[in-house]
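J.: Can you keep this structure in mind? I'll have questions shortly.
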Amino acid sequence: MKTEFLLWLPIVLLALASIVKMLANSERSSRKPWIRIEEIKENE
Amino acid sequence: MSRHLSMRTANPALQSDTFKKALSGSATAGEVMTVNGVVNKTGFALLLLIISASITWADPALSGLAIIGMVTGIIAAIATIFKPTIAHITVPIYAISQGLVLGMISQKFNQQYPGIAVQAIFLTFGTLGSLLLAYMSGLIKATENFKLGVFAATGAIGVLYLINFIMSFFGTGIGVIHSNSTMGILFSLGVVVIAALNLVLDFDFIEEGAEIGAPKYMEWYATFGLLVTLIWLYIEILRLLAKLNSRR
């Protein structure tokens with residue numbers, strides 16, 4: 009195997025890791041929050 | 110925004126007080142710097158660079174043009190650093206000049222090792238794209254320690270190259286810089302990594318400029334910073350590939 013192709017390895021791995029992180033981030037932000045803060049009126 | 114405030118970058122064009130100077134002199138500024146503006150200007154500057162590079166690439170006899178390009182490029186770079194307000198004139202000149210130089214350098218390397226220039230171009234843009242993704246996703250963050258590390262490493266490389274340049278007048282040099290030994294290749298690989306990490310500092314600089322509402326002309330200045338890093342990265346990748354090819 010040509011050694012030049014090894015130079016692509018970190019580039020591809022970094023791109024893949026970034027895409028995975030982006031997908032994970034978007035999934036996290038679209039998930040329902042497990043805690044909800046509601047305003048409580050006086051004497052409620 | 111606070112993470113950007115104590116800006117530290119190894120790129121000589123993008124220093125910590127660049128925005129402070131720009132903001133203090135922008136009382137009349139109507140339009141502000143945007144990330145989109147920098148992207149468009151970088152695209153335009155790269156187009157100019159590629160067109161001019163194709164001139165010296167196509168005709169190796171035009172090496173005199175490359176020498177003119179080298180001198181013009183240095184003058185344009187100094188003018189941009191000291192007077193960013195004229196960056197809209199000096200940066201296109203810089204891109205054209207550096208294109209002439211890169212065309213000639215690439216041609217010389219390509220004559221020795223056919224196909225090496227195309228490989229270096231793809232690797233340079235591959236690195237740019239991958240680091241941009243890593244920066245956008247938050248995988249790589251330009252923290253203060255990160256900036257300090259890249260700054261120190263770039264400074265160390267600069268000092269090494271300067272010593273090597275001075276030594277070359279006495280007919281000698283630092284062996285590891287030019288050697289195709291394992292150490293020489295590891296050194297080149299390290300320099301490529303540091304040059305690539307400078308791109309993250311450039312992205313941070315651009316983001317900071319857009320966030321603090323730097324004047325519009327800083328888009329050209331940020332483009333200049335990005336060009337300097339990309340050109341450095343391309344040349345280092347070219348050298349690394351040449352070292353790898355020379356071992357066959």
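From first to last, the protein sequence lines are chains X and V. Numbering follows my numbering, in which position 42 of the first sequence is assigned residue number 50; successive positions increment by one, without gaps. Numbering follows my numbering, in which position 208 of the second sequence is assigned residue number 317; successive positions increment by one, without gaps. For each residue, glycine too, the CB sits at the ideal point set by N, CA and C. Note that the structure is a prediction, hence the values are computed from the model and not measured.
For residue 15 of chain X and residue 355 of chain V, I'd like the C-alpha separation in whole angstroms.
T.: Sequence index remark: in the first sequence, residue 15 of chain X carries index 7 (1-based). Sequence index remark: in the second sequence, residue 355 of chain V carries index 246 (1-based). If I take the Cα positions, the gap works out to 16 Å.
J.: Measuring only between beta-carbons, confirm whether residue 246 of chain V sits less than 8 Å from chain X.
T.: Stepping through the second sequence from its first residue, residue 246 of chain V is reached at position 137. So, interface residue.
J.: Are at least three pairs of beta-carbons, each pair with one atom in the segment 143 to 157 of chain V and one in the segment 166 to 185 of chain V, less than 8 Å apart?
T.: Because the criterion of three Cβ pairs below 8 Å is not met, the segment 143 to 157 of chain V and the segment 166 to 185 of chain V do not touch.
J.: Rounded to whole angstroms, what is the Cα-Cα separation between residue 34 of chain X and residue 238 of chain V?
T.: To locate residue 34 of chain X, count along the first sequence from 1; it is residue 26. To locate residue 238 of chain V, count along the second sequence from 1; it is residue 129. Distance between the alpha carbons of residue 34 of chain X and residue 238 of chain V: 20 Å.
J.: Could you name the residues of chain X that residue 236 of chain V contacts, counting a contact when the two beta carbons are closer than 8 Å?
T.: By 1-based counting over the second sequence, the position of residue 236 of chain V is 127. Within chain X, the residues near residue 236 of chain V are 19.
J.: Confirm, please, whether the CB-CB distance from residue 157 of chain V to residue 26 of chain X is below 8 Å.
T.: In the first sequence, counting from the first residue as 1, residue 26 of chain X sits at position 18. In the second sequence, counting from the first residue as 1, residue 157 of chain V sits at position 48. No, these two residues do not count as a Cβ contact at 8 Å.
J.: Determine the burial state of residue 268 of chain V: buried for a count of at least 16 other Cβ atoms within 10 Å of its Cβ, exposed for fewer.
T.: Translated into positions along the second sequence, residue 268 of chain V becomes position 159. Its Cβ having fewer than 16 others within 10 Å, residue 268 of chain V is exposed.
J.: Taking DSSP as the reference, what is the three-state secondary structure of residue 223 of chain V?
T.: Stepping through the second sequence from its first residue, residue 223 of chain V is reached at position 114. Here residue 223 of chain V sits in coil by DSSP.
J.: Taking buried to mean at least 16 other C-beta atoms within 10 Å of its own C-beta, is residue 236 of chain V buried or exposed?
T.: Looking up residue 236 of chain V in the second sequence gives position 127. Label assigned to residue 236 of chain V: buried.
J.: Could you name the residues of chain V that residue 26 of chain X contacts, counting a contact when the two beta carbons are closer than 8 Å?
T.: Reading the first sequence from its first residue, position 18 is the one you call residue 26 of chain X. Per Cβ cutoff of 8 Å: 239, 242, 243, 245, 246 and 248.
J.: Quick one: which residues of the segment 195 to 216 of chain V get their C-beta closer than 8 Å to a C-beta of chain X? List them in chain order.
T.: Listed in sequence order: no entries.
J.: Rounded to the nearest angstrom, what separates residue 196 of chain V and residue 48 of chain X at their Cα positions?
T.: The residue you call residue 196 of chain V lines up with position 87 of the second sequence. The residue you call residue 48 of chain X lines up with position 40 of the first sequence. Going by the C-alpha atoms only, they are around 57 Å apart.
J.: Hey, how far is the Cα of residue 223 of chain V from the Cα of residue 350 of chain V?
T.: Position 114 of the second sequence, counted from the start, is the residue given in the question as residue 223 of chain V. Position 241 of the second sequence, counted from the start, is the residue given in the question as residue 350 of chain V. Cα-Cα distance, rounded: 11 Å.
J.: With a 10 Å radius around its C-beta and 16 neighbouring C-beta atoms as the bar for buried, classify residue 295 of chain V as buried or exposed.
T.: Locating residue 295 of chain V in the second sequence gives position 186, where the first residue counts as 1. So residue 295 of chain V counts as exposed.
J.: Is it buried or exposed, residue 39 of chain X, if we count other Cβ atoms within 10 angstroms and call 16 or more buried?
T.: Translated into positions along the first sequence, residue 39 of chain X becomes position 31. It is exposed - the Cβ of residue 39 of chain X has fewer than 16 other Cβ atoms within 10 Å.
J.: Can you pull the chain V neighbours of residue 12 of chain X, defined as C-beta to C-beta under 7 Å?
T.: One-based indexing of the first sequence puts residue 12 of chain X at position 4. Here the neighbours are 228, 350 and 353.
J.: With residue 288 of chain V as the anchor, note down where its alpha helix (DSSP H) starts and where it stops.
T.: For the purposes of this step, residue 288 of chain V is identified with residue 179 of the second sequence, where counting begins at 1. Counting along the chain, residue 288 of chain V falls outside any alpha helix (DSSP H), and DSSP gives it neither H nor E.
J.: Note down, one range per segment and in chain order, each alpha helix (DSSP H) of at least 4 residues found wholly within the segment 215 to 266 of chain V.
T.: 225 to 246
J.: Could you tell me if residue 400 of chain V is buried or exposed, where buried requires 16 or more neighbouring beta carbons within 10 angstroms of its beta carbon?
T.: Residue numbering for chain V in the displayed model covers 110 to 357; residue 400 of chain V lies beyond these limits and cannot be assessed.
J.: Looking at chain X, is there any beta carbon in it that lies within less than 8 Å of the beta carbon of residue 339 of chain V?
T.: Mapped onto the second sequence, residue 339 of chain V falls at position 230. Not an interface residue.
J.: Should residue 168 of chain V go down as buried or exposed, given a rule of 16 or more other Cβ atoms within 10 Å for buried?
T.: Sequence index remark: in the second sequence, residue 168 of chain V carries index 59 (1-based). That one is exposed.
J.: Nearest chain X C-beta to residue 174 of chain V closer than 8 Å, yes or no?
T.: Here residue 174 of chain V refers to the residue found at position 65 of the second sequence. Not one chain X Cβ lies under 8 Å of residue 174 of chain V.
J.: In this structure, what does DSSP give as the bridge partners for residue 169 of chain V?
T.: The residue you call residue 169 of chain V lines up with position 60 of the second sequence. Residue pairing of residue 169 of chain V in beta bridges, as defined by DSSP: absent, with no partner found.
J.: Would you say the segment 338 to 346 of chain V touches the segment 205 to 220 of chain V, given that touching needs at least three Cβ pairs under 8 Å?
T.: yes
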